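**Q**
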Amino acid sequence: MRLRTWLPVFAIAIGGFWINWDQLGQYSATATAEWVDALPVVSSAMARNFIAVNAVSDRLFSLFVFVHIGLPLMLVFGLWFHIQRLTRAAVWPPCALAVGLGVMLAALALAAPVASHAPAALDRVPDALRLDWIVLFVHPLTDATSPAFVWALVAGSALLLFALPFLPSRLDSPAPAAVVDAANCNGCQRCFADCPYAAITMVPHPNQRIGRTLAQVDADLCVSCGICAGACPSSTPFRSAAQLVTGIDMPQSPINTLRQRLRESLRAPPFALSLSKGQREASTSSARTGSGIVVFGCDHGADVARLQCGDVCTFSLLCTGQLPPSFVEYALRDGAAGVVVAACRDGGCEFRFGERWTAERLRGEREPHLRASVDAERVELVFAGRGDVALIAQAVDRLRSLMPPLGAVVSDPHHA
Ligand code: SF4
Ligand code: SF4
-17 MRLRTWLPVF AIAIGGFWIN WDQLGQYSAT ATAEWVDALP VVSSAMARNF IAVNAVSDRL
43 FSLFVFVHIG LPLMLVFGLW FHIQRLTRAA VWPPCALAVG LGVMLAALAL AAPVASHAPA
103 ALDRVPDALR LDWIVLFVHP LTDATSPAFV WALVAGSALL LFALPFLPSR LDSPAPAAVV
163 DAANCNGCQR CFADCPYAAI TMVPHPNQRI GRTLAQVDAD LCVSCGICAG ACPSSTPFRS
223 AAQLVTGIDM PQSPINTLRQ RLRESLRAPP FALSLSKGQR EASTSSARTG SGIVVFGCDH
283 GADVARLQCG DVCTFSLLCT GQLPPSFVEY ALRDGAAGVV VAACRDGGCE FRFGERWTAE
343 RLRGEREPHL RASVDAERVE LVFAGRGDVA LIAQAVDRLR SLMPPLGAVV SDPHHA
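Mapping of the sequence shown onto the working numbering: position 399 corresponds to residue 381, and the numbering continues sequentially without gaps.
#1: Among Val364, Glu332, Arg106, which has the Cα closest to the Cα of Glu342?
#2: For a test of the three-state rule: what should DSSP assign to Val107, helix, strand or coil?
#3: With the cut-off set at 8 Å, would you say Phe253 and Ala324 are in Cβ contact?
#4: Could you work out which residue in Phe309, Leu226, Gln198 is closest to His351 when comparing CA atoms only?
#5: May I ask you to list the residues that DSSP assigns as paired with Glu362?
#6: Is it the case that the Cβ atoms of Gly330 and Cys301 are separated by a distance below 8 Å?
#7: Do Gly165 and Ile192 have their C-beta atoms closer together than 8 Å?
#8: Which residues share a DSSP beta bridge with Thr195?
#9: Counting Cβ pairs, one atom from each stretch, are 3 or more of them under 8 Å apart for the segment 25 to 45 and the segment 9 to 16?
#10: Can you give the Cα-Cα distance for Ala20 and Pro54, rounded to whole angstroms?
#11: When the Cα of Pro306 is compared with those of Arg348, Asp316, Glu332, Ala284, which residue comes out closest?
#12: Using a threshold of 8 Å, state whether the C-beta atoms of Leu381 and Arg360 are closer than that.
#13: Measure the alpha-carbon distance for Val47 versus Ala97 and round it to whole angstroms.
#14: From Phe(-1) to Ser10, what distance separates their C-alpha atoms?
#15: Cβ atoms of Asp40 and Pro101: under 8 Å apart, would you say?
#16: For Asp125, name the three-state secondary structure that DSSP assigns.
#17: Determine the closest residue to Pro178 out of Glu246, Arg353, Pro95, Phe333, with distance taken between C-alpha atoms.
#18: For the alpha helix (DSSP H) that contains Ser273, what are its first and last residues?
#19: Around the C-beta of Ser355, are 16 or more other C-beta atoms found within 10 angstroms, so that it is buried, or is it exposed?
#20: Give the single residue among Ala78, Ala130, Tyr312 whose Cα lies nearest to the Cα of Val23.
#21: Nearest chain B C-beta to Leu141 closer than 8 Å, yes or no?
#22: Out of Pro233, Gln234, Asp231, Leu226, state which residue places its alpha-carbon closest to the alpha-carbon of Arg245.
#23: Give the C-beta separation of Met232 and Ala319 to the nearest angstrom, bearing in mind that I take them to be a contact with Cβ-Cβ under 8 Å.
#24: At a cut-off of 7 Å, is Arg221 close to ligand 2 when judged by its beta-carbon and the heavy atoms of the ligand?
#25: Can you tell me which residues form a DSSP beta bridge with Gly279?
#26: For Asp293, which residues of its own chain have a beta-carbon under 7 Å away from its beta-carbon, when the five flanking residues on both sides are left out?
#27: Put Val162 into one of helix, strand or coil per three-state DSSP.
#28: Identify whether Ile33 lies in helix, strand or coil by the three-state DSSP scheme.
#29: Please report the residue range of the alpha helix (DSSP H) in which Ile237 lies.
#30: Hey, would you say Pro158 sits closer than 8 Å to Ser216, going by beta carbons?
#31: So which of Trp339, Gly367, Cys291, Gly303 has the shortest CA-CA distance to Cys326?
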């Protein structure tokens, strides 16, 4: 969308020169009219409007005003329409970026102010123009080539930009949308609140004994981020069912598979300590605390698989927001010495809010939250971009430094 607005943005910028109606505006308006006249579909020559002083009327300036002000208003409407499918659409840049850009533009305007030329005079050919090469380069390009060449260039680039969404990489079969299981949905609306793309609506529940409303996914809007599965209270690994079926899940990466893989890892060394009979009797804890560290990451963020080694077990999710916080507690209770949750950098989530929701859930500011009884010392939340594997490695090292000597029995207060 941002790329596809370049054509109207150029027209709007050029229209600003016309409204000024100095010799540069006159040159640009005349050159544009001649360029448009080169189209075979244009029946009467637009350039005629600029051959005599009395040919320029208020109507022409109404057109200029429309190009310079009416088009931006239409663009704003188009952008507003475009973001209707987004929840919590952010239309303002971050404060630091906005201030930085403002200061930079003000400094540039002071350093190189744009000065008007002499007033337009249709009985004279403008000379010695100070061209704005960023916007008005199209006129010398037309002179150096031909109007047909520039039309072909504009049409070709516009077609390419409009075809971008349909290029081969986007034509791969789309990832499956989230699927709701009515029997496990109580209508709590957490998935509805957390979905970044407004793909979920709440409809009357077919079984009112379970809940009054039921989540319903619009597959056309769903981008398969899994954030809804991380929000669902049914996604807790502590449920005793052999098959963990949650209220809303991702067919390509079910919560049950995550629990299975985590369980298998936690049952093997170094997560599960092999205690001697005496140690087991001495221990008052039912927790099996080993020396391994679990790392949860995201397919779109830093490659956590690179950290997989003897005492580190990694799990990459569709988005870190897919991780129900109860999995952190589950890992710690069942053998992990520490857990690292690696989310994308602030504002860098592929799916808009994954890193934000994850942080809020782990800090207890958003449902489902990580229980306050979980030892915060043993949980590291890291914000890491694609190339920031080292940041996650540092968090792993911090957790390693907290570990008791190998073989020691660590009592877990939650199981005491
Ligand atoms: S997978 Fe993502 S986009 Fe799809 S319904 Fe769930 S939260 Fe919304
Ligand atoms: S979060 Fe789970 S239980 Fe709550 S509405 Fe969504 S699917 Fe249903």
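Cβ coordinates follow ideal geometry from the N, Cα and C atoms, glycine included.
Since the structure is predicted, the reported quantities are computational estimates derived from the model, not experimental observations.
**A** From the atom records:
#1: Looking at the Cα atoms, Val364 is the closest of the given residues.
#2: Correct three-state label for Val107: coil.
#3: No, the Cβ-Cβ distance between Phe253 and Ala324 is not below 8 Å.
#4: Of the residues Phe309, Leu226, Gln198, the one whose Cα lies closest to the Cα of His351 is Phe309.
#5: Answer by DSSP bridge pairing, in chain order: Val322.
#6: Contact: no.
#7: In the sequence as presented, Gly is not what sits at residue 165; that position holds Ala. Yes, the pair counts as a contact, with Cβ atoms nearer than the cut-off.
#8: Thr195 pairs with Pro186.
#9: The segment 25 to 45 vs the segment 9 to 16: in contact.
#10: Spanning the two alpha carbons is a distance of roughly 26 Å.
#11: Comparing Cα-Cα distances from Pro306 to each of Arg348, Asp316, Glu332, Ala284, the minimum goes to Arg348.
#12: Yes; because the gap between Cβ atoms is below 8 Å, this pair is in contact.
#13: Distance between the alpha carbons of Val47 and Ala97 is about 20 Å.
#14: Phe(-1) and Ser10 have their alpha carbons spaced roughly 7 Å apart.
#15: Against a cut-off of 8 Å, the Cβ pair of Asp40 and Pro101 comes out as no contact.
#16: Three-state result, Asp125: helix.
#17: Restricting attention to Glu246, Arg353, Pro95, Phe333, the CA atom closest to the CA of Pro178 is found in Phe333.
#18: Secondary structure note for Ser273: it is in no alpha helix (DSSP H), with a DSSP letter that is neither H nor E.
#19: Its Cβ having fewer than 16 others within 10 Å, Ser355 is exposed.
#20: Here the closest residue by C-alpha is Ala130.
#21: Of the protein chains in this structure there is only one, and it is not chain B.
#22: Of all alpha-carbon atoms in Pro233, Gln234, Asp231, Leu226, the one lying nearest the alpha-carbon of Arg245 is that of Leu226.
#23: Not a contact, Cβ separation roughly 29 Å.
#24: Not so, every heavy atom of ligand 2 lies at least 7 Å from the Cβ.
#25: Paired residues: Ser298.
#26: Taken in chain order, the residues that qualify are Pro252, Ser273, Gly274, Ile275.
#27: Judged by DSSP in its simplified three-state form, Val162 adopts strand.
#28: Reduced to three states, the DSSP call for Ile33 is coil.
#29: Looking at the DSSP string, the run of the alpha helix (DSSP H) that includes Ile237 is 237 to 249.
#30: It is not a contact, given that the beta carbons lie outside the stated cut-off.
#31: Considering only alpha carbons, the answer is Gly367.
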